[in-house]
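Novice: Heads up, this note's numbering is the position in the sequence shown plus 40, with the first residue counted as 1.
Backbone N, C-alpha and C define an ideal beta-carbon position, used for all residues, glycine too.
Quick caveat: nothing in here was measured; it's all calculated off a predicted structure.
Mind having a look at this structure? Questions to follow.
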Amino acid sequence: MAGPRGNSGAFFISKKDTHMALAYAQSLGDGTTRVFTVPFPYLSKTHVQVKVNGVAVSYTWLSETSIQTATAPAAGAIVDRRRVTPRDTVMVDFVDGSTLVESDLDLATLQVFYLAQEAFDLGEASLGVTEDGSFSALQRRIANLLDPTQPQDAVNKRWAETAMTSQLVQATQKASDAASSASASANSATASAGSASTATTQANTATTKASEAAASATAANTSKNTATTKASEAAASAADALASKNAAAASADAAAQSAQDAALFDPSSYYTKTEIDTSLGTKLNSSAYTAADVLAKIKTVDGAGSGLDADTVDGLAPSAFPVSTAQQTALNAKADSASPQITGMATITGGGEALRIITSDTTSDPYLSFWKATVRQGYIQHRDGSGDAAGFRIANDLSGDLLCLPNDGGIVFSHDGTNYREVARMFTSGQLAVTFGGLLTVAHGLGYKPTQIAAYWTPTTSYMNWSNGQEMLLGGSIDHSGSEAGYGVALWADATNIYCRMGAVNVMALIPDRNTGAGSSSRPSAADSKLILKAS
Numbered sequence: 041m042a043g044p045r046g047n048s049g050a051f052f053i054s055k056k057d058t059h060m061a062l063a064y065a066q067s068l069g070d071g072t073t074r075v076f077t078v079p080f081p082y083l084s085k086t087h088v089q090v091k092v093n094g095v096a097v098s099y100t101w102l103s104e105t106s107i108q109t110a111t112a113p114a115a116g117a118i119v120d121r122r123r124v125t126p127r128d129t130v131m132v133d134f135v136d137g138s139t140l141v142e143s144d145l146d147l148a149t150l151q152v153f154y155l156a157q158e159a160f161d162l163g164e165a166s167l168g169v170t171e172d173g174s175f176s177a178l179q180r181r182i183a184n185l186l187d188p189t190q191p192q193d194a195v196n197k198r199w200a201e202t203a204m205t206s207q208l209v210q211a212t213q214k215a216s217d218a219a220s221s222a223s224a225s226a227n228s229a230t231a232s233a234g235s236a237s238t239a240t241t242q243a244n245t246a247t248t249k250a251s252e253a254a255a256s257a258t259a260a261n262t263s264k265n266t267a268t269t270k271a272s273e274a275a276a277s278a279a280d281a282l283a284s285k286n287a288a289a290a291s292a293d294a295a296a297q298s299a300q301d302a303a304l305f306d307p308s309s310y311y312t313k314t315e316i317d318t319s320l321g322t323k324l325n326s327s328a329y330t331a332a333d334v335l336a337k338i339k340t341v342d343g344a345g346s347g348l349d350a351d352t353v354d355g356l357a358p359s360a361f362p363v364s365t366a367q368q369t370a371l372n373a374k375a376d377s378a379s380p381q382i383t384g385m386a387t388i389t390g391g392g393e394a395l396r397i398i399t400s401d402t403t404s405d406p407y408l409s410f411w412k413a414t415v416r417q418g419y420i421q422h423r424d425g426s427g428d429a430a431g432f433r434i435a436n437d438l439s440g441d442l443l444c445l446p447n448d449g450g451i452v453f454s455h456d457g458t459n460y461r462e463v464a465r466m467f468t469s470g471q472l473a474v475t476f477g478g479l480l481t482v483a484h485g486l487g488y489k490p491t492q493i494a495a496y497w498t499p500t501t502s503y504m505n506w507s508n509g510q511e512m513l514l515g516g517s518i519d520h521s522g523s524e525a526g527y528g529v530a531l532w533a534d535a536t537n538i539y540c541r542m543g544a545v546n547v548m549a550l551i552p553d554r555n556t557g558a559g560s561s562s563r564p565s566a567a568d569s570k571l572i573l574k575a576s
């Protein structure tokens, strides 16, 4: 009895289907997988369509029940395989007087049956009325929905976000304006009260200064009369007295102006001429200095020791600073906890070792840490000792992950306190000779029993557009004893070796053409083939 295509016994491994139906299948891409099953029957391979995220893609048939896309669909992409039976033409046209045969009747019946299945699939995947009278979207998105016009219309995401955002912005702005107005009013009231109090105080102080200025003027006039009497001091004293008189008069005018402007001056902040002369005479070594002499003395700091006379600079002792290129070279830019921090970008150049962290004892384990403000983000450290926690460590404080190269060898990855040793070790054999029915034993050197093992075929030179070094994963399974005359491969391993046995048929499984995907007309022999074993 004739039947539909797509019932081959061959199998391939693909991502788990996200939805099963009568005439289509959907899977999620992972960025790597290219082989997908076709789990439904069909009348012709031309009736099967393959789309990725709704766009038709190129593919080839590997068997009656599996296809291979030209490129691997991206991770999360929906890979849709769907039967589309012709619905505008009949595949069997009965003619009066013709002989009815089973294949024609089956074909005509299956065309109608498949069209019914496809219609049923479309109905099941469409919006439907539930028992409570509402429409169900079957946990799927509703796309291409227009903006609402009536109060009871459904809304799309763009319209909802735009409307809500506009209302939220308006409400937020009004609240912010109200808060700003209240704060400004309170600040204005406080400032007004403070200004009134300050003005009163300044006026009183200015009045006092005016009285003091008047007294200073009287004293200056007395000094002037005394200076006139003393002939030997006449010139200098007269000049000083006149200057004092003029300064006193100016002070009186300034005090009066200060009273009007409500300005505040502290008399203790000023020195008299006599005080200035006395201070300068005590501090300077010579009886007379020019302005240039004084400026040169101020700019020159000449001391012993570190070269600085100041007790501290920004709170740091002079010993914290290297003071010459020679000393910096001798110190080799060393620093400790008492020395200043480096802010901004620091550049270290050198032909060999450029940065060294040294502990002050033989028991500490120094480390280099990374901070964002006051929060540590991670660190790099070397710890003495043995075990999974000792060795060169790189830690991420944010994720709780830690990568360690232990002192006793290997690699340890730690997540949330759990250690995973040997996470990066993998064994790959060279190209091995193929022996059908015999047991192949290969030492893997991992030091533990691997959890993943696989066998790959590569041609000795070239075969079906495959070149030496291009690998194809071998599938199928046979009995470990080697008595089975099959085309599969038996693989197992222990802590020392990988064991491989191929079926006792003296030829390989069918190898598809690497360019077209079509099966070979003959199976490659042992001379045509090489075997590669991998474990991790």
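1. Excluding five sequence neighbours on each side, which residues of the same chain lie with their C-beta closer than 6 Å to the C-beta of Arg127?
2. Compare the C-beta of Ser507 with all C-beta atoms of chain C and state if any pair is closer than 7 Å.
3. Looking at the structure shown, is Ser439 part of a helix, part of a strand, or coil, going by DSSP?
4. Buried or exposed, going by whether 16 or more other CB atoms sit within 10 Å of the CB of Leu167?
5. Would the beta-carbon of Pro79 fall within 7 Å of that of Ala63?
6. What residues are listed by DSSP as bridge partners for Ile10?
7. Quick one, which of Thr475, Asn508 and Gln297 has its alpha-carbon nearest Tyr539's?
8. Please identify the residue among Ala533, Gly485 and Ser502 whose C-alpha is closest to the C-alpha of Ala495.
9. Using CA coordinates, which residue listed in Tyr503, Leu186, Pro499 and Thr556 is at the minimum distance from Leu571?
10. Measuring straight from C-alpha to C-alpha, what distance separates Ala473 and Thr491?
11. Report the three-state DSSP secondary structure of Asp293 (helix, strand or coil).
12. Measuring alpha carbon to alpha carbon, tell me which of Ala567, Asp448 and Ala483 ends up nearest Asn537.
13. In whole angstroms, what separates the C-alpha of Asn505 from that of Val124?
14. Quick one: which unbroken alpha helix (DSSP H) runs of 4-plus residues sit fully inside the segment 122–164? Chain order, please.
15. Less than 7 Å between C-beta atoms, sequence neighbours within five positions excluded: which residues of the same chain meet that for Ala394?
16. Just verifying my parser: in three-state terms, what is the DSSP assignment at Lys489?
17. Going by the beta-carbon positions, is the gap between Ala112 and Gly137 smaller than 7 Å?
18. Determine contact between the segment 183–193 and the segment 86–103, defined as no fewer than three beta-carbon pairs at a distance below 8 Å.
19. Is the beta carbon of Ala61 closer than 7 Å to that of Asp28?
20. Excluding the 5 residues preceding and the 5 following Arg122 in the sequence, name in chain order all residues of the same chain whose CB lies nearer than 6 Å to its CB.
21. In whole angstroms, give me the CA-to-CA distance for Ser426 and Gln179.
22. Which value, in whole angstroms, describes the spacing of the CA atoms of Leu445 and Ile398?
23. What three-state label does DSSP hand Arg198 in the structure shown?
24. Could you check how far apart the C-beta atoms of Leu443 and Phe453 are, in whole angstroms? I think they sit under 8 Å.
25. With Asp519 and Ala530 assumed to form a contact (beta carbons below 8 Å), what rounded beta-carbon distance in angstroms separates them?
26. Give me, in chain order, the residues of the same chain whose beta-carbon lies closer than 8 Å to that of Gly418; leave out the 5 immediate sequence neighbours on both sides.
27. If you check the beta carbons only, do Val152 and Gln108 fall under 7 Å apart?
28. Pick from Asp120, Asp146 and Val119: whose alpha carbon is nearest that of Val132?
29. Mind checking Thr369: buried by the 16 CB within 10 Å criterion, or exposed?
30. Do the CB positions of Asp441 and His455 come within less than 7 Å of each other?
31. Just to confirm my understanding: we take Gln367, look at its own chain, exclude 5 residues before and 5 after, and list those with CB closer than 7 Å. What are they?
32. Is the beta carbon of Trp497 less than 7 Å from the beta carbon of Leu514?
33. For Ser291, count the other beta carbons within 10 Å of its own beta carbon; 16 or more makes it buried, fewer makes it exposed. Which is it?
34. Would you kindly work out how many angstroms separate the C-alpha atoms of Trp101 and Val135, rounded to a whole number?
35. Out of Ser206, Ala177 and Gln210, state which residue places its alpha-carbon closest to the alpha-carbon of Ala194.
Specialist: From the atom records:
1. Leu155
2. This model lacks chain C altogether; it includes just one protein chain.
3. coil
4. Exposed: under 16 other Cβ atoms inside 10 Å.
5. no
6. Since the first residue of the chain shown is 41 and the last is 576, residue 10 is not available in this structure.
7. Thr475
8. Ala533
9. Pro499
10. 24 Å
11. helix
12. Ala483
13. 33 Å
14. 142–164
15. Excluding positions up to five away in sequence, the list reads Ile388.
16. coil
17. The Cβ atoms of Ala112 and Gly137 do not sit closer than 7 Å to each other.
18. With a cut-off of 8 Å, the segment 86–103 and the segment 183–193 do not count as touching, because too few Cβ pairs lie within range.
19. Because the chain spans 41 through 576 in this model, residue 28 falls outside it and cannot be assessed.
20. Tyr64 and Gln89
21. 54 Å
22. 20 Å
23. helix
24. 6 Å
25. 7 Å
26. Ser409, Phe410, Ile434, Ala435, Asn436, Asp437 and Leu438
27. no
28. Asp146
29. Residue confidence is low: Thr369 scores 49 on pLDDT, short of 50, so the model does not pin down where it sits. Its coordinate-derived value is still stated next. Answer is exposed; the Cβ neighbour count stays below 16.
30. yes
31. Low local confidence applies: a pLDDT of 44 at Gln367 is under 50, so the model's placement there is unreliable, with the coordinate-based value given in what follows. Within the same chain, Gln367 has no close Cβ partners at all.
32. yes
33. Buried, by the Cβ-count rule.
34. Cα to Cα, Trp101 sits roughly 35 Å from Val135.
35. The shortest C-alpha to C-alpha distance from Ala194 to any of Ser206, Ala177 and Gln210 is the one to Ala177.
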